[in-house]
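S.K.: Residue numbers (our numbering): 8 to 199. No residue lacks a Cβ here, since even glycine has one placed at the ideal position from N, Cα and C. The structure presented is a predicted model; accordingly, all values stated were derived computationally and were not measured. Quick one: structure below, then a few questions.
Shown next as structure tokens:
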């Protein structure tokens, strides 16, 4: 955290905050609301995809999303499974891993402001890779059904997600093709 102006920062251990929230539920609700507002502000500041939505409509759009937390190693998306929804990363980092021929290949890492699940949702097919949390990660998640309703209201958002999905799908296809060529080259070397 970097202060841009003189600030007062209150710091307290999570256990102590949990006790306060338990004793005073209104404090707990306010802390939860504050955390969500901060997540939304960070997402709106960092997401290039949300740039397709008019600034006045962004807060209402993000209110439709549900916060979901993932521990290190937990999977958000499974390769070859249908999409469950769209994820916007608000903290943490995830790895995009393609399983091919018994091996795992890292395609990319995604961080704050990035999306996951758009390839499967927009191109309407099973996921082309597994997405796994590299660190504890928090996302704002929009279920599949809500996504379908949203894109009818926000066609520019669909256009932005389509461009991203096609680009990422092309990158995955190119990666798999390179791996197949390298594998074939290695087989030729071993045979000779």
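I'd like the list of long-range same chain contacts for residue 80, defined as Cβ closer than 7 Å, with 5 residues on each side in sequence excluded.
M.R.: 139 and 140
S.K.: Residue 166: which of 125, 32, 70 and 95 sits nearest, CA to CA?
M.R.: 125
S.K.: Less than 8 Å between the beta carbons of residue 116 and residue 94, yes or no?
M.R.: no
S.K.: Between the alpha carbons of residue 120 and residue 108, how many angstroms are there, rounded?
M.R.: When rounded, the separation of the alpha-carbon atoms in residue 120 and residue 108 is 32 Å.
S.K.: Which full runs of the beta strand (DSSP E) of 3+ residues lie inside the segment 81-149, going along the chain?
M.R.: Listed in chain order, they are 82-84, 92-98, 101-107, 110-117 and 137-140.
S.K.: On the DSSP bridge list, what partners appear for residue 74?
M.R.: Note: residue 74 sits in a beta bridge opposite 147.
S.K.: Please check the pair residue 34 and residue 69, which I expect to be a contact at CB under 8 Å, by giving their CB distance rounded to whole angstroms.
M.R.: Not confirmed; about 24 Å, so no contact.
S.K.: Nearest-angstrom Cα distance between residue 128 and residue 168?
M.R.: 9 Å
S.K.: Using the Cβ count rule (16 or more neighbours within 10 Å means buried), how would you classify residue 180?
M.R.: So residue 180 ends up on the exposed side.
S.K.: Touching or not, the segment 53-69 and the segment 156-166, by the rule of three or more beta carbon pairs under 8 Å?
M.R.: yes
S.K.: Just to confirm the assignment, what range does the alpha helix (DSSP H) spanning residue 48 have?
M.R.: 32-53
S.K.: Cα separation between residue 205 and residue 154?
M.R.: Residue 205 is absent from the model: the chain starts at 8 and stops at 199.
S.K.: Does DSSP put residue 16 in a helix, in a strand, or in coil?
M.R.: coil
S.K.: In its own chain, which residues sit with a C-beta less than 6 Å from the C-beta of residue 75, not counting the 5 before and 5 after it?
M.R.: 146 and 148
S.K.: I need the DSSP call for residue 183, collapsed to helix, strand or coil.
M.R.: helix
S.K.: Ends of the alpha helix (DSSP H) at residue 66?
M.R.: 65-69
S.K.: May I have the straight-line CA-CA distance separating residue 32 from residue 152, to the nearest angstrom?
M.R.: Distance between the alpha carbons of residue 32 and residue 152 is about 32 Å.
S.K.: Going along the chain, which residues of its own chain have a beta-carbon closer than 8 Å to the beta-carbon of residue 85, five neighbours each way excluded?
M.R.: 134 and 137
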